[in-house]
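Be aware that the sequence shown starts at 2, since it is given in our numbering, and climbs by one per residue. We put the beta carbon where it would ideally sit given N, CA and C, even for glycine.
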Amino acid sequence: MTYWHALLLAIVEGITEFLPVSSTGHMIIASALLGIPPTPFFKLYLVVIQLGAILSVFVVYYKRFFQNIDFYLKLLVAFLPIVVVGLLFKKHIDALLESVTTVAMMLVVGGVVLLFIDRWFPQEDPQEGGHPVTNPSFKEALIIGLFQCLAVVPGTSRSAATIIGGLTQKLTRRAAAEFAFFLAMPTMAAAAVKDIYDYYKDARAAGADVSHLFSATELKQLALGNAVAFVVALLAIRLFVGFVAKYGFRAFGIYRIIAGGILLIMLALKLPLNLV
């Protein structure tokens, strides 16, 4: 992977991390188009640069972090299901990171859901039952966390899964999106730590010099990727919340169906994805 590849993937990550279109799925597609081989470092890079993107949540919502312990306990409850699923199915999840077909199929399936999600869960006046702020109950937080588990399949979108989970619990679009952003922080931090540990363990098992786990080039690529993803996500998150609160999710559903449909046609016709 070159610096150019690292830069482009970071831009894709920053734009798509908080949109309900699957950031990992888009990076897998981008890597196929760029002809990037699925090396262990590449798979690690896809996860670790998401840390840069989710740090934008702290910058945008820094005042919200000064909440009572109750809110953080709810985040913990929502976070635990993905921990269990991630530990149980880590190898299967890693294998899916090489499957463009899986991404294409899930883009279409998720797109169909987003086409109708606004109709299925119409927005309520906060005074009549909808949550006016990002603060679900413990039961609602657990259900949102269970929805997040769907996102282990590339192309599903962690953001979409958790937002839909929030809507099923009568959160407003804005509240559902913002809770999904907060939940992304422990989720992606844990995923990054776990992937780095597995990378270290595999390198050690292969007899590599783990005192220098990453080369100088790889460290620079990780730094570049996180920095770029952070800046791009900082802009994207502000635009997304305002857009979805006003217009809903239909546009994202249409985009997902078109993108996934084009990919499925290319795969069915065995057209080359590598454009480089």
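| Asked | Found |
| --- | --- |
| Rounded to the nearest angstrom, what separates I29 and A142 at their Cα positions? | 30 Å |
| Hey, how far is the Cα of T188 from the Cα of D119? | 26 Å |
| Please state if the CB of M107 and the CB of V154 are separated by a distance shorter than 7 Å. | yes |
| State the Cα-Cα distance for the pair L172 and C150, rounded to the nearest angstrom. | 19 Å |
| Does the beta-carbon of I144 have 16 or more other beta-carbons within 10 angstroms, so that it is buried, or is it exposed? | buried |
| Just the Cα atoms here: how many angstroms apart are I263 and A269? | 10 Å |
| State buried or exposed for G156, treating a residue as buried only when at least 16 other CB atoms are found within 10 Å of its CB. | buried |
| From the DSSP output, in three-state form, read off T203 for me. | Per the sequence shown, the amino acid found at residue 203 is Asp instead of Thr. In the structure shown, D203 sits in a helix (DSSP, three-state: H, G or I). |
| Going by the CB atoms, is the gap between I258 and G112 shorter than 7 Å? | yes |
| Please list, in chain order, all residues of the same chain as T102 whose beta carbon is under 7 Å from its beta carbon, the five residues on each side excluded. | L268 |
| Start and end of the alpha helix (DSSP H) containing P41? | 41-49 |
| Can you give the Cα-Cα distance for L52 and P123, rounded to whole angstroms? | 33 Å |
| Give every residue of the same chain whose Cβ lies closer than 7 Å to the Cβ of F80, excluding the five residues on either side of it in the sequence, and list them in chain order. | G146, L184, P187, T188 |
| Answer yes or no: do L168 and A177 have a C-beta to C-beta separation smaller than 7 Å? | yes |
| Determine the direct distance from the alpha carbon of E179 to that of Y208, and round the result to whole angstroms. | For clarity, residue 208 is Gly in the given sequence; the question names Tyr instead. Going from the Cα of G208 to the Cα of E179 covers about 44 Å. |
| What whole-angstrom Cβ distance do L8 and L235 have, given they're in contact under 8 Å? | About 17 Å separates the two Cβ atoms, so there is no contact after all. |
| Reducing DSSP to helix, strand and coil, say where I37 ends up. | coil |
| Based on Cα-Cα distance, which residue from W121, P82, S57, S32 lies nearest to S100? | S32 |
| Could you check if D278 is buried or exposed, using at least 16 other CB atoms within 10 Å of its CB as the buried criterion? | What is shown of the chain runs 2 to 277, which leaves residue 278 out entirely. |
| Hey, is the segment 229-246 in contact with the segment 41-58, meaning 3+ C-beta pairs nearer than 8 Å? | yes |
| Sorted by chain position, which residues of the same chain lie with C-beta nearer than 7 Å to I83's C-beta, five sequence neighbours on each side aside? | G146, Q149, C150, T188 |
| Name the residue from V194, R174, T163 whose alpha carbon lies nearest to the alpha carbon of A181. | T163 |
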